[in-house]
Structure formats: C-alpha cells, structure tokens
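A.B. asks: Residue numbers (the working numbering): 10 to 165.
1. Are there 16 or more other CB atoms within 10 angstroms of the CB of residue 119, so buried, or fewer, so exposed?
2. Alpha carbons only, please: which of 48, 79, 13 and 62 is nearest the one belonging to residue 29?
3. Please work out which residues of its chain come closer than 7 Å, Cβ to Cβ, to residue 158, disregarding the five sequence neighbours upstream and downstream, and give them in chain order.
4. Buried or exposed, going by whether 16 or more other CB atoms sit within 10 Å of the CB of residue 163?
5. To which residues of the same chain is residue 67 closer than 7 Å at the C-beta, ignoring the five residues directly before and after it?
6. Measure how close the beta-carbons of residue 58 and residue 37 come, nearest whole angstrom, since I'm counting them as under 8 Å.
7. Assuming contact is defined by CB atoms lying nearer than 8 Å, are residue 26 and residue 93 in contact in what I supplied?
8. At 4 residues or longer, what runs of the alpha helix (DSSP H) sit wholly inside the region 126–160?
9. Looking at the structure shown, is residue 77 part of a helix, part of a strand, or coil, going by DSSP?
10. Are residue 71 and residue 43 touching if we call contact CB-CB under 8 Å?
Here it is as structure tokens:
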C-alpha cells in the first residue's frame with residue numbers, strides 16, 4: 010500500500026510541476042494581454058511578471074524537492090540527512106514565496122492604489138508562510154528522529 014501511495018503522490022507532484030511550468034508561459038501571455046488592454050499599466054508589466062514568475066519558480070522548486078523527499082520516504086530513508094535537506098529547501102522556498110508576495114504588494118501599492126490583486130498576494134503569502142512553517146516543524150521532527158536513531162544505534 011505504501012508503494013502505491015508514494016507513486017500516486019509522486020505522479021500528482023509531477024503533474025503539478027508540469028502545469029506550473031506551463032503556467033510560467035501563461036503569466037507571460039497574461040501580462041502582455043493586460044498591457045495591451047490597459048496601456049496605463051505598461052510600466053508595471055515586466056516587474057510584476059518577474060515577481061509572479063519568481064513565485065511560480067519558488068513553488069516549482071518546492072515541489073521538486075518535495076518529490077525528492079517523497080522518493081527518500083519510499084526507500085525507507087526518512088531519518089536521513091538528505092531527507093532533512095530536501096524538506097528544509099521546501100520550507101525555505103515557501104517562505105521565499107511569502108517575501109515575494111510582500112514585494113508584489115508593496116510594488117502594486119506604490120503604482121496602483123487600491124489594487125484588487127493585493128488580496129491574491131496576501132492569500133498566497135499567508136498560505137505559503139503557513140505551509141512553510143509546517144514543513145519546518147516536520148524538519149524538526151525528522152531531526153529529533155535522527156538523534157533518537159543515532160542514540161539507538163550506539164546502544165548495545
């Protein structure tokens with residue numbers, strides 16, 4: 010059952026990575042569309058496109074390292090330094106998305122007062138920070154398990 014679950018979740022993660030990779034191009038096309046419809050936002054096109062693409066890239070990075078951590082779990086190497094590193098990268102990527110969303114909020118507030126897109130960035134920032142903190146908690150649990158495993162291996 011564990012093998013099926015790992016393969017199923019791995020397949021979902023690969024699908025999400027593929028969709029987000031296509032989404033990078035979608036952000037580019039959407040920014041060109043908005044700049045064409047509303048020429049007064051032309052000065053915001055490239056900075057917002059870079060910020061949004063950086064958030065998507067951060068999420069792709071988190072998913073790739075989550076996939077690597079899932080692979081370690083499938084190979085019964087949960088309490089391993091590599092698994093801990095993979096989970097720490099996931100957490101830091103998600104926290105990075107939080108800071109990028111704060112930058113996007115600040116940028117839109119300076120250029121466009123009362124922007125409705127700030128609600129999206131606030132939501133994305135809060136969710137990414139919450140999930141990042143959950144992954145940091147998981148990292149602490151893995152680290153504690155590694156210490157207990159090491160202590161148990163030294164006992165005769």
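Where a beta carbon is used, it is the ideal one built from N, C-alpha and C, also for glycine.
Note that the structure is a prediction, hence the values are computed from the model and not measured.
C.D. replies: Checking against the coordinates, here is how it stands:
1. exposed
2. 62
3. 88
4. exposed
5. 102, 105, 106 and 109
6. 6 Å
7. no
8. none
9. helix
10. no
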